[in-house]
Amino acid sequence: MNGSSADSTGGHESTRTDAAPDAAQARPRAAAPAGAAAPAGRRRGGRVRMTGKQRREQLLEIGRSVFAERGYDGTSVEEIAERAGVSKPVVYEHFGGKEGLYAVVVDREMQLLLDMVTGALTGGHSRELLEQAAFALMDYIDTSTDGFKILVRDSPVAQSTGTFASLISDIATQVEDILGLEFKARGFDARLAPMYSQMLVGMVALTGQWWLEVRKPQKAEVAAHLVNLAWHGLEGMERHPKLVGDRKA
């Protein structure tokens, strides 16, 4: 590209100046002392030159912010490049385009949430484990709000990145073993534990989505009410539930 210099990642960033240098700038500069070197990692004009890894991380953070703000369809490579201060080819070189960048952002968020939930389940009484799972989801929503907004939105590239429903299913699998042991101890059919774990985790996730907008009551109180409903619902559960209305199928 004319008037550009190569980015450290192999892309290009514009370094064009629109104004002619003034007289002071045009004068020859005094030679640097022998052995003196230019500051490492800096370009002409004092701009910090990023490594390829640093540039990739910068683009991921900016992309995450824009996707959360505008959604997938409302986000453009041009805007991401502009916010990063690079040209479009830099974004394409790292991720192949908007879809590739989005896929990496979503994969990272899904792994973060899954790690937070699995890491929170440290043992103890079954009710305490339920509290830990609820708190982990609420903590993620509270501390990674942009990521949660991205995960709960539908995306045209869901087939390559997974969906929020598939993530909830992964988390439910972690809860499944806890419920299975509880079911066996109470004489319930342990084969139903996977279904109940989906119900419980889905309840927490949807409540968290609602709480993200209203932000009250406080997170701990929301978690307490979630566990109250789930725990006492399980405690009074019938072994062979039946419908009481006319609808049977």
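Heads up: the sequence shown is residues 1117 to 1365, going by our numbering.
Don't be surprised by glycine CBs; every beta carbon is placed ideally from N, CA and C.
The structure presented is a predicted model; accordingly, all values stated were derived computationally and were not measured.
Under 9 Å between C-beta atoms of V1202 and L1253: Going by C-beta atoms, V1202 is not nearer than 9 Å to L1253.
D1305 versus L1237 - alpha carbon distance: Roughly 23 Å between the two C-alpha positions.
Separation of V1182 from G1216, as counted between CA atoms: For G1216 and V1182, the distance between alpha carbons rounds to 15 Å.
Local Cβ density within 10 Å of G1179, reported as buried at 16 or more and exposed below that: It counts as buried.
Top-ranked residue by Cα proximity to E1292, from F1280, R1302, Q1314: Ranking the options by Cα distance to E1292, first place goes to Q1314.
Ranges of the beta strand (DSSP E) found wholly within the region 1255-1332, counting only runs of at least 3: Fully enclosed beta strand (DSSP E) runs of 3 or longer: not present.
Residue range of the alpha helix (DSSP H) that includes Y1218: Taken as a continuous stretch (DSSP letters only), the alpha helix (DSSP H) holding Y1218 covers 1214-1236.
Candidates W1326, R1243, Y1218, G1168, of which the one nearest G1263 by Cα: The residue with the shortest Cα to Cα distance from G1263 is Y1218.
Straight-line Cα distance separating V1338 from R1158: Any reading at R1158 is ruled out, since the residue's pLDDT is 49, under 50, leaving its predicted position unreliable.
Reduced DSSP secondary structure (H/G/I, E/B, other) of K1364: K1364: coil per DSSP, three-state reduction.
Alpha-carbon to alpha-carbon, I1257 and A1200: For A1200 and I1257, the distance between alpha carbons rounds to 26 Å.
CB of L1229 within 9 Å of CB of I1294, strictly: Taking 9 Å as the Cβ cut-off, L1229 and I1294 do not qualify as a contacting pair.
Proximity of G1318 and I1266 at Cβ, strictly below 9 Å: Against a cut-off of 9 Å, the Cβ pair of I1266 and G1318 comes out as no contact.
Spatial neighbours of S1242 in its chain, beta-carbon cut-off 7 Å, leaving aside the 5 residues before and after: Around S1242: I1294, E1298.
Contact check, A1346 vs A1281, beta carbons under 9 Å: 9 Å or more divides the Cβ of A1346 from the Cβ of A1281.
Whether V1207 touches G1213 by CB criterion (9 Å): For V1207 and G1213, yes; Cβs fall inside 9 Å.
For R1172, the nearest candidate out of D1189, S1192, E1225, F1211 (CA to CA): Taking only the C-alpha atoms, the option nearest R1172 is F1211.
CB-CB length for V1268 against Q1334, believed under 8 Å: With a Cβ gap of about 21 Å, V1268 and Q1334 do not count as contacting.
Contact set for G1296: own chain, Cβ-Cβ below 7 Å, skip 5 residues either direction: Result list for G1296: A1306, A1309, in chain order.
Cut-off 8 Å between Cβ atoms - residues of its own chain near T1323, not counting five sequence neighbours on either side: Non-local C-beta neighbours of T1323 in its own chain, meaning closer than 8 Å and more than five positions away in sequence, comprise V1338, L1342, ordered along the chain.
Exposure label - T1167; buried when at least 16 CB within 10 Å: With fewer than 16 Cβ atoms within 10 Å of its Cβ, T1167 is classed as exposed.
Cα-Cα separation between G1303 and R1355, rounded to whole angstroms: Spanning the two alpha carbons is a distance of roughly 8 Å.
Pick from R1186, N1344, T1259, G1361 that is closest to E1247, judged by C-alpha positions: If we check each option's Cα against that of E1247, N1344 comes out closest.
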